[in-house]
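>
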Amino acid sequence: METLKILGQRLRELRKERKLFRRDLAELLEITLPHYQRIGRGIVNIPTLTLCTLADYYGVTTDYLLGRSEERGTLP
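Numbering (my numbering), first residue to last: 188 to 263.
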């Protein structure tokens with residue numbers, strides 16, 4: 188699914204901008220590193236709450252993460 192690939196690409200870009208490692212995000216989400224890597228490759232879907240956690244963490248909208256908007260937006 189294209190949306191999952193876009194999500195993976197955007198998560199990778201945001202992670203690299205902050206100079207974080209995949210394991211840092213896996214720990215934040217309380218998931219295993221291999222599971223986070225599958226998210227990053229667009230192989231697995233993620234729960235809504237996980238999507239919201241990532242959007243809040245990066246200060247972007249869920250629409251941006253899902254490729255529904257090109258504007259990152261800023262959350263309060």
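Backbone N, C-alpha and C fix where the C-beta goes; we use that ideal spot for every residue, glycine too.
What you are looking at is a predicted structure, and each value in this text was computed from that prediction instead of being measured.
Give me the Cα-Cα distance between G195 and L215, rounded to the nearest whole angstrom.
As a working note, residue 195 is residue 8 in the sequence shown. As a working note, residue 215 is residue 28 in the sequence shown. Using only the alpha carbons, I get a separation of about 16 angstroms.
> Where does L216 sit, in a helix, a strand or coil, going by DSSP?
If you number the sequence shown from 1, residue 216 lands on position 29. In this structure, L216 counts as helix in the three-state DSSP scheme.
> Please classify L236 as buried or exposed, where buried requires at least 16 other C-beta atoms within 10 Å of its C-beta.
Locating residue 236 in the sequence shown gives position 49, where the first residue counts as 1. It is exposed - the Cβ of L236 has fewer than 16 other Cβ atoms within 10 Å.
> Using CA atoms only, rank isn't needed, just tell me which of L198, R202, L241 and R228 is closest to E217.
Stepping through the sequence shown from its first residue, residue 217 is reached at position 30. Here the closest residue by C-alpha is L241.
> Helix, strand or coil: which one does DSSP assign to G246?
Position 59 of the sequence shown, counting from 1, holds the residue named residue 246. Three-state result, G246: coil.
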